[in-house]
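In the UniProt record's numbering, the protein residues as written are 1 to 116. Backbone N, C-alpha and C fix where the C-beta goes; we use that ideal spot for every residue, glycine too. Have a look at the structure below before the remarks.
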Amino acid sequence: MNFGTSLCQRLNIKHLVTSTPNGRDSLPKNLGVKKFGGERVIPGNIIVRQRGTRFHPGNYVGLGKDHTLFALKEGTVKFEKHKLTGRKWVHVEPKDGHVLHPIYANAAAAETVKTV
């Protein structure tokens with residue numbers, strides 16, 4: 001046995017350790033409908049938390065940068081599905097009824113004066 005060759009030989013004693021693909025999970029995102037049809041809402045209440053626009057904002061409903069739908073006026077939530085496109089809309093029926101924007105209210109008042 002040659003001492004030089006046996007000294008240079010080395011066995012692979014240490015094995016590489018790989019990590020398992022399991023053992024981690026993401027935090028819950030709490031998505032979904034938060035206020036259902038017929039429920040009362042006040043301005044700022046979140047109606048739907050979603051990824052993308054599964055539900056589209058309708059009357060008196062705002063759209064956040066993460067596609068969250070929220071109430072703009074106090075009232076009752078109403079869900080609607082368009083018959084042809086299948087698109088789902090969320091509306092808030094105001095507590096005090098529908099109110100025209102001041103610009104349009106003035107125009108409507110001026111038009112009624114002209115016709116009389």
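Residue i classed as buried or exposed, judged by whether at least 16 other C-beta atoms fall within 10 angstroms
| i | result |
| --- | --- |
| Ala71 | buried |
| Lys35 | buried |
| Leu84 | exposed |
| Gly75 | buried |
| Pro57 | buried |
Three-state secondary structure (DSSP) of residue i
| i | result |
| --- | --- |
| Ile47 | strand |
| Pro102 | helix |
Residue range of the beta strand (DSSP E) that includes residue i
| i | result |
| --- | --- |
| His91 | Lys88 to Pro94 |
If we require 3 or more residues per run, which beta strand (DSSP E) segments fall completely within the region 50 to 82?
55 to 57, 61 to 63, 69 to 71 and 75 to 81
Does the pairing of the region 37 to 44 with the region 96 to 103 give three or more beta-carbon distances under 8 Å?
no
If we count Cβ pairs, one from each stretch, closer than 8 Å, do we get three or more for the region 14 to 28 versus the region 44 to 63?
no
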